[in-house]
Structures are given as C-alpha cells and as structure tokens.
Amino acid sequence: MVQQTLCHPRFPENYNFPSFQPGWTQMSSSSLDTASRPCLLSLDCEMCETATSSRELIGLSVVNEAGSTVLKMLVKPAGKVLNYRTEVTGATDATMQGVLYTKRDAQEAMQKLMQGSVVLVGHALHHDLHALQLDPTAVIDTALLCSYKGLSTCTPSLANLVSQMLGRSLRQEGAPHDCEQDAAAAMHLVQHALQHGIPPPMDAPEIKVAKEDLRKLFIHGVPQSAQPTDLLQLFEACTCAHPVVEGDMKERRGHLVFRHAGDANEAFKQLPGAQETDSLGRAQKLLKLTSGSCKGKTIKIRKMAAHGGLAYGKDSNQKLHVMKQQAQRKLKVNKNKLKA
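FYI, the numbering used here numbers position 288 of the sequence shown as 328, with every residue one higher than the one before it.
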C-alpha cells in the first residue's frame, strides 16, 4: 500500500515537501526495515488560519493498530490567529488558553513514536504533514489508495470511503471534526484493505448538488491582493445578468452568485478560455484578470455541479475514451450497413 500511494499521479505534487527548509523535520530513510512488516500509526491534525498560514497546526492525534490513542496534544499556533475555524476544529480562545506545546514539541513527540520501522497512515495526509512540517520515510494515504470510475485523479473523501468500504458513517450528522476519530477511521480503512485487498475503482456517489448552489460559480486560485471588482470585470462583456461576489477573498476562493441557475450557466459559457474539467468532472475555465493590481494573473472559475446536477461527473480522459468508443461503434454500424 505504500507503493500504491507512491504510484498515484497526485503523489509527486502532494508530497514534494520543502523539508530542507528551517523548521522541518525529516525522518531518516534507514529507519524503515523492509525485511519485516512495519507497524502502522495513523495521524490526523487540527489546523487554524493565522496571519502567515492558512493551515497552522493547533492539535494532533495519533492512533495505533489496536485503535488506542498514543498521542493527543494541543499545539500553540505560531503567529496571530485570524480564524480558529471553530465549527470544524472546536477550538476557541478559551480552549487554547494556557497551551504551551509548540510545533517543535509535536515534531519531537512524533519522532519518538516513529522510532524503528513505522509507516504513517492518514487521509490526505500531506495536509497534516505540511502543518506539522514533518517529512516521514513512508506513508499510506487512504485518499490515494482508492478511486472512482471515470475520475482518474479524484480523491474520495474520508466520509465516502468509510461509507462505501466499511458500511458505516464517519460521524453523526452535524458533529464537529474530531482528529482522533478521523485518524482511527483511516487506520480502519487500511486494515480493511490489508484483509480484503484494495478495492477496484468504485462508482462515484450519486450526490445531487443543492438547487440553491446551482446558481453559483466557484472561483479559486484567487491572487491574494485581488478585489471583488477585479472578478466582476470578467463579466463586463457578457450579455447575461451579472453576479454578486460571495466570500472572503483572503481565503483565495469564493462564489459568484447569480439570480438563477440559467444565468450562471450562460455566464460560464460566455467566459473566454478553453473549457476543461476538474478532478470531480466539473467544467471549469482558466482566466486572466483584466483589471486592478492583479491584471494578467490567473484564476479558475468552475461550475458547482457536473452533468445533471450531480456532484461527480467524468474527467476529460474518460470523456475522450467514451467519445472514441461511440465513434468506433458508429463506424462498425455503418460498415455493417454497407455490407448489407
């Protein structure tokens, strides 16, 4: 499964850590013994937004193969906290008051746990390792073990994998994120795969996007100094209704909200640039800003849903494959007609 993670097309991008930089801890490659089965430890972190980082470490949990929590600690964030993301992390000024452990303390605790032959497990683990600034020897990333049919680069969510592979819910509806729970779930997925094998590409969940969201377009990769007016300028040449910008541009993402879904679809159609699909098969375009201090810089604008209002579609490679198959079938039918 370590090899399966390594071979995923998104691994080089996700795990190309700047571990040579100050503050990072790189595990020794000699610590992994290939002669015997290594032990597994599953990691999940809590993160907040600070003035210098959108994913600053504030807590972590580590679970072993027996399901026991072997490390759980809160970490004092470096820099001024802008958003604890309390709805996700549960952290507040009150809960973080008096926390003295630093990121370096967390790194040292992880180093002690990972002495010997250890493989680190997690879901979308690169986010946790970036926050922790830890570059381990070997990882199993459950997000890279499984895939959906027709979506070669899509990484299934932890909740979807738990539902589809383990037949249960990750957490109760409305319950906050729990890093201990998520670390345990990733470990259970790996143990299930060790016992039953890694499943073949699965059918994507048939989830419908909320009707209210279909009148929006999603914007991401927004330059840090971009203003809402810079985004709206892109629609000056469009003959359709113009949108309202929703969201904090400091997050480098947001939504363009139209009155109706038809307006959003027409606006997207009129935007210049070649259409592509994202990893979930949703149509998107790469555009250059035409005004403001970010003139010439690029952003991406995509639809909220794939075909038929579904959250998952098919990627460009799969679409080309389907078109090729259809063309071959049509050619075969025509040849048969000529023979007749």
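Every residue, glycine too, gets a C-beta built ideally from N, C-alpha and C.
With C-beta atoms as the reference, is ALA253 less than 8 Å away from LEU329? Correcting the residue type first, residue 253 is Asp in the shown sequence and not Ala. No. Outside cutoff.
Simplified DSSP assignment, three categories, for CYS3: Residue 3 lies beyond the range of the chain shown here (41 to 380); nothing can be said about it.
Opposite TYR188 in the DSSP bridges: which residues? LEU191, MET242
Under a three-way DSSP split, which group does MET16 fall into? Look at the range of the chain in this structure, 41 to 380, and you will see that residue 16 is not part of it.
Could you give the first and the last residue of the continuous alpha helix (DSSP H) run that contains LYS251? No alpha helix (DSSP H) holds LYS251; DSSP gives it neither H nor E.
Hey, how far is the Cα of MET227 from the Cα of GLY99? 19 Å
Once you ignore the five residues that flank MET242 on each side, which residues in its own chain have a CB closer than 8 Å to its CB? CYS186, SER187, TYR188, LYS189, PRO196, GLN204
Classify SER101: buried if its beta carbon has 16 or more other beta carbons within 10 angstroms, exposed otherwise. buried
CB PHE304 to CB LEU274, shorter than 8 Å? Per the sequence shown, residue 304 should be read as Ala rather than Phe. Taking 8 Å as the Cβ cut-off, ALA304 and LEU274 do not qualify as a contacting pair.
Given that a residue counts as buried once 16 or more other Cβ atoms are within 10 Å of its Cβ, and exposed if not, what is PHE60? exposed
Cα separation between GLN324 and LYS343? 6 Å
Own chain residues within Cβ distance below 8 Å of VAL110, not counting five before or after: LEU81, VAL102, VAL103, ASN104, LEU153
Can you give me the C-alpha to C-alpha distance between GLY130 and PRO312, rounded to a whole angstrom? 42 Å
Per-residue burial, ILE247 [other beta carbons within 10 Å of its own, 16 or more giving buried]: exposed
Rank PRO239, PRO117, GLN44 by C-alpha distance to the C-alpha of CYS85 and give the top, closest one. PRO117
If you run the structure through DSSP and keep just helix, strand and coil, what is MET154? coil
Any heavy atom of the ligand FMN closer than 7 Å to the CB of ASN104? Among the ligands in the structure shown, none appear at all, so the ligand FMN cannot be discussed.
Going by CA-CA distance only, name the one from ALA244, PHE57, PRO52, GLY302 that's closest to ASP168. PHE57
Which ranges would you report for the beta strand (DSSP E) in the region 75-142 if only whole runs of at least 3 residues count? 79-90, 96-104, 109-114, 121-123
With respect to the alpha helix (DSSP H) encompassing LEU165, which residues constitute its N-terminal and C-terminal limits? 165-172
In three-state DSSP terms, what is LYS354? coil
If you compare alpha carbons, which of ILE339, ARG322, GLU306, SER319 is closest to MET289? ILE339
Which of the three DSSP states, helix, strand or coil, is assigned to THR65? strand
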